[in-house]
Structure formats: C-alpha cells, structure tokens
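Quick note: the sequence shown uses the numbering used here, first residue 137, plus one each step.
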Amino acid sequence: MSGTMSQADLVADLKSSLHDSASVFTAETDGDFKRMLDASALDLTRFRPRTLLGTLLLQADQSEYAAPDDFVMYKSSLWGIAPIAAPRPWERNYPGRLPDAFETEVGGARMISLSVPPTAAQIATLGNQFLFYYFAAHAVDADAAKTTVKAADRSLLLLRAQAEAMRELAMRNIGKPVSVRDGMSGQPRNGTPSHLYSALMEEYERRAA
Numbered sequence: 137m138s139g140t141m142s143q144a145d146l147v148a149d150l151k152s153s154l155h156d157s158a159s160v161f162t163a164e165t166d167g168d169f170k171r172m173l174d175a176s177a178l179d180l181t182r183f184r185p186r187t188l189l190g191t192l193l194l195q196a197d198q199s200e201y202a203a204p205d206d207f208v209m210y211k212s213s214l215w216g217i218a219p220i221a222a223p224r225p226w227e228r229n230y231p232g233r234l235p236d237a238f239e240t241e242v243g244g245a246r247m248i249s250l251s252v253p254p255t256a257a258q259i260a261t262l263g264n265q266f267l268f269y270y271f272a273a274h275a276v277d278a279d280a281a282k283t284t285v286k287a288a289d290r291s292l293l294l295l296r297a298q299a300e301a302m303r304e305l306a307m308r309n310i311g312k313p314v315s316v317r318d319g320m321s322g323q324p325r326n327g328t329p330s331h332l333y334s335a336l337m338e339e340y341e342r343r344a345a
C-alpha cells in the first residue's frame, strides 16, 4: 500500500485491504470508506498533535466566539503578547487582568468563550485580534497535498481505518470470520470482526505511541 495521501488512493488501498469485507459497505461514492478515514484521521490527533494559530476578532462586551472548523482543543492565548504586548501594571494604559479562554458548546456549536468579556479600553490598547494556539483535527483531502497526516504515518492511518471497518462490521452483528491485510505489515489477519477490531486497535495504539 504505497499510494499517495489523496483520499482516492487511501480509499482504494483501504478497500483492497479489506478483501471481501469491503463489499458490505455500499454507500454511494465510497462514503463509508471516506467516513472511516475521517474518523481515523481524527483519532490520530491523539498521537500526532497538530497545533495551529487561530484568530478571533474581538468585540467589546462579547465573550463567546465560534471555534475554527477543525478545532479539537484550546491550547494558549497570545493576546497581550502578540502582535501587541500589554503595558506593564505601572503604566497608565495598563489594561488590567486579561480574560482567560476555554472551550464551550452552545446550541451544538463549538465555541471559544472568554472568562470575562473584553472591554473597549482593552481592545483599544491591545487590538481586536485575539491570537491563540489550538489543537486541530487531522484531515484527509482529495488533494494529497492538503491531507494533514504525514506520508510516514500512511500505514498507521490505514491500520486505524481497518479497525474502524471491523468495528462497524461487529456493530452489524457479522460474526463469521473475515480476512484483512494488515495496514502496517501487509500480512493477512483472520478472525471475527470484533476480535480483529481489538487486535488492530491494540497494534495501532502500540505503534502510534
């Protein structure tokens, strides 16, 4: 399995590795396999953290802002550090203690909330760009260059996707033995979906750590 990191190549290799089991997944345009790869890329974030820089455009007296689409977890703030450093406590324009930030959920939408709303004076002093670091989800894209999982972790991603396929087969109460080609070693594995799911996840977590 030595294709590119494009979604099409990853789907093709995943389907091939599942042998006859692939025929169970019949969603149009390979939707089942794309979903498995997306879930696997997200889970890989646990072991291959991806840190990005985000920006909130602050408004006075507003404490809640939409999180980026790929947001997984808040990390740290640069407001008062960059691009404008906060004045010292003894300076006339000292803005006071700056708000802390944390993640919340409002109406099913992920938000970044500030512990206290920023004031107009703070924004005038420090600017309205609240820069922050956050952990972002990995993504699989049709364009290989836009897939965020590194090529070195391609086999690991496919191994996790195979485990996801076995999990879905087990949930469909398929108890007969199936065969897959291990995403890391390329060796065949046989067993029930529930057994293979456990075995593949154990190998995935061992190799990813």
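C-beta atoms are modelled at their ideal positions from N, C-alpha and C, and glycine is treated no differently. None of the values given here were measured: they were computed from a predicted structure.
Measuring CA to CA, which of Tyr201, Ala257 and Phe268 is closest to Ile248?
Counted from its first residue, the sequence shown places residue 248 at position 112. Ile248 has its Cα closest to that of Tyr201, out of Tyr201, Ala257 and Phe268.
Less than 8 Å between the C-beta atoms of Leu83 and Arg325, yes or no?
Residue 83 cannot be examined here, being either before or after the span of the chain that is shown, 137 to 345.
Val196 and Ile259 look like a contact to me (Cβ under 8 Å); what is the Cβ gap, rounded to whole Å?
By one-based count along the sequence shown, residue 196 stands at place 60. By one-based count along the sequence shown, residue 259 stands at place 123. Looking at the sequence shown, residue 196 is not Val but Ala. Right, their Cβ atoms sit about 6 Å apart.
Sequence-distant residues of its chain with Cβ nearer than 7 Å to Tyr333 (five each side left out):
The sequence position of residue 333 within the sequence shown is 197, counting from 1. Excluding residues within five positions, the ones whose Cβ falls inside 7 Å are Ala299, Met302, Arg303 and Ala306.
Restricting to Cα atoms, I'd like to know which of Leu180, Ala148, Thr181 and Pro254 is closest to Thr165.
Taking the sequence shown and counting its residues from 1, one reaches residue 165 at position 29. For Thr165, the closest of Leu180, Ala148, Thr181 and Pro254 by C-alpha to C-alpha distance is Ala148.
Is it buried or exposed, Phe238, if we count other Cβ atoms within 10 angstroms and call 16 or more buried?
Counted from its first residue, the sequence shown places residue 238 at position 102. In the assembly as shown, Phe238 is an exposed residue. Its beta-carbon has fewer than 16 other beta-carbons within 10 Å.
Is the Cβ-Cβ distance between Val285 and Met141 less than 8 Å?
Reading the sequence shown from its first residue, position 149 is the one you call residue 285. Reading the sequence shown from its first residue, position 5 is the one you call residue 141. The criterion of a C-beta distance shorter than 8 Å is satisfied by Val285 and Met141.
Run of the beta strand (DSSP E) containing Ile248, from where it starts to where it stops:
For the purposes of this step, residue 248 is taken as the residue at position 112 of the sequence shown. Looking at the DSSP string, the run of the beta strand (DSSP E) that includes Ile248 is Ala245 to Leu250.
What three-state label does DSSP hand Met209 in the structure shown?
In the sequence shown, counting from the first residue as 1, residue 209 sits at position 73. Note: Met209 maps to strand in three-state DSSP.
Quick check on the DSSP output: the beta strand (DSSP E) that includes Ser152 runs from which residue to which?
Sequence index remark: in the sequence shown, residue 152 carries index 16 (1-based). No beta strand (DSSP E) holds Ser152; the alpha helix (DSSP H) holding it covers Gln143 to Ser153.
Run through the DSSP bridge pairs and tell me what Gly322 is partnered with.
In the sequence shown, counting from the first residue as 1, residue 322 sits at position 186. Its beta-bridge partners do not exist; DSSP assigns none.
What residue range is occupied by the uninterrupted alpha helix (DSSP H) comprising Ala222?
Taking the first residue of the sequence shown as position 1, residue 222 is located at position 86. Counting along the chain, Ala222 falls outside any alpha helix (DSSP H), and DSSP gives it neither H nor E.
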